[in-house]
Ligand SMILES: NC(=O)c1ccc[n+]([C@@H]2O[C@H](COP(=O)([O-])OP(=O)(O)OC[C@H]3O[C@@H](n4cnc5c(N)ncnc54)[C@H](OP(=O)(O)O)[C@@H]3O)[C@@H](O)[C@H]2O)c1
């Protein structure tokens, strides 16, 4: 008899939250070099909301299990697995499979186009799985695969990496930026956070930010960065706004500084790259990261006692509420769904 598992699916062609439906699927069996993971917690990223709304490039063309990020326990092994044993606490990686070096063109992301983690079980190739940091709960570890690895890549891998005394500017108080605050702080940097809300800035201080700028009351936030750095500008900017905020980032970055281009939340804009050129700065595109980066990050998380900033945890039955919360922007850090 085939065992069934509980999942959510984004229905084919979904353009709204009513396209997120509960369903049953056959429990997967691990194939060669695959591990079967009982997922205990999954987390949301901005991308997951776009997928349900049909705005992540295009609407999904088949019923798809959403979410890229999850953490759980290995409960079965396919033939030939050498990296894991049953009982190991693990996370899946965002791209299946990107071990190291440049991302392979054929690697598929979980949550779209591949089925994701909002399910009781998932079978993944062992090279697309990492051991969880030992100091984390499943809920905390579920925050890592996309937001954590993206922040780690942006600050520690792509281009120049953060060194003590650097100034790191993190835009907004979402998942990627709040993970970046923690890594920058652990590396000895001074961290400036921008936000739409003074209340969120206060919460970012608790996560590790040194300074906060409300970009509603200070729309030209680059001038505040200049003031706070006494004219030096930022060494790193975690850019989640894209075209709409790049004009400010180009002005806020200091000589030889790096802008890690990650997201596109700030809408349209007309960025003039001249200030970047004049300051010999760099603009570095980021696309999450590899299994190797994930493992390096996890060592840093353990060594520094970092705990990902989980703001809200929803039960599996209330997954739609978790998506609503993400859309409301009424959170700081990460939103998690507990699965079992
Ligand atoms: N390239 C990659 O590898 C990669 C990886 C992960 C994420 N991303 C992208 O990076 C961006 C951030 O992702 P995330 O998962 O960290 O997001 P998130 O957790 O949903 O955080 C969103 C936060 O960003 C701020 N924000 C500023 N302008 C916004 C706007 N117009 N709409 C919504 N939020 C806005 C808000 O914080 P305040 O209210 O404090 O301003 C909001 O709470 C997204 O564009 C995402 O697609 C890219």
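Numbering (this note's numbering), first residue to last: 622 to 961.
C-beta atoms are modelled at their ideal positions from N, C-alpha and C, and glycine is treated no differently.
So, is residue i buried or exposed, given that buried needs 16 or more other C-beta atoms within 10 angstroms?
i, result
"residue 824", "buried"
"residue 707", "exposed"
"residue 678", "exposed"
"residue 912", "buried"
"residue 820", "exposed"
"residue 1038", "Within the shown structure, residues of the chain are numbered from 622 to 961, placing residue 1038 beyond reach of any answer."
"residue 662", "buried"
"residue 948", "exposed"
Can you list, in chain order, the residues of its chain with a C-beta nearer than 8 Å to that of residue i? Leave out the 5 residues immediately preceding and following it.
i, result
"residue 764", "664, 690, 796, 800, 929, 930, 931, 954, 955, 957"
"residue 711", "656, 658, 692, 693, 694, 695, 705, 750, 751, 752, 753"
"residue 653", "699, 700, 701"
"residue 748", "654, 704, 718, 720, 912"
Could you tell me which of the options sits nearest to residue i, measuring between CA atoms?
i, options, result
"residue 754", "693, 838, 946", "693"
"residue 874", "885, 883, 887, 842", "842"
"residue 784", "810, 773, 819, 708", "810"
"residue 950", "703, 670, 644", "670"
"residue 773", "719, 939, 674, 918", "918"
"residue 709", "628, 790, 685, 759", "759"
"residue 910", "939, 847, 766, 898", "766"
"residue 937", "916, 920, 960", "960"
"residue 644", "627, 742, 654", "627"
"residue 836", "794, 857, 851", "794"
Since residue i contacts residue j with CB under 8 Å, what's their CB separation in whole angstroms?
i, j, result
"residue 888", "residue 865", "4 Å"
"residue 660", "residue 740", "6 Å"
"residue 625", "residue 744", "Between residue 744 and residue 625 the Cβ distance is about 15 Å, and since that is not below 8 Å, they are no contact."
"residue 771", "residue 792", "The pair is not a contact, with the Cβ atoms about 13 Å apart (cut-off 8 Å)."
"residue 746", "residue 727", "The pair is not a contact, with the Cβ atoms about 13 Å apart (cut-off 8 Å)."
"residue 761", "residue 684", "Not confirmed; about 30 Å, so no contact."
"residue 883", "residue 775", "6 Å"
"residue 871", "residue 897", "5 Å"
In its own chain, which residues sit with a C-beta less than 7 Å from the C-beta of residue i, not counting the 5 before and 5 after it?
i, result
"residue 829", "802, 803, 806, 812"
"residue 901", "876, 877"
"residue 826", "833"
"residue 952", "932, 933, 946"
"residue 666", "689, 690, 767, 768, 796"
"residue 943", "665, 935, 956, 958"
"residue 839", "845"
"residue 686", "628, 629, 630, 736, 737, 739, 740"
"residue 632", "640, 642, 684"
Using a Cβ-Cβ cut-off of 6 Å (strictly less than) and excluding sequence neighbours within five positions of residue i, which residues of its own chain qualify?
i, result
"residue 853", "875"
"residue 886", "861, 862"
"residue 780", "879, 903, 905"
"residue 916", "751"
With DSSP as the reference, label residue i as helix, strand or coil.
i, result
"residue 906", "strand"
"residue 815", "strand"
"residue 766", "helix"
"residue 925", "helix"
"residue 828", "helix"
"residue 898", "helix"
"residue 593", "Here the chain has residues from 622 to 961 only, and residue 593 is not among them."
"residue 754", "coil"
"residue 976", "Within the shown structure, residues of the chain are numbered from 622 to 961, placing residue 976 beyond reach of any answer."
"residue 674", "coil"
"residue 809", "coil"
"residue 707", "coil"
"residue 683", "coil"
"residue 801", "helix"
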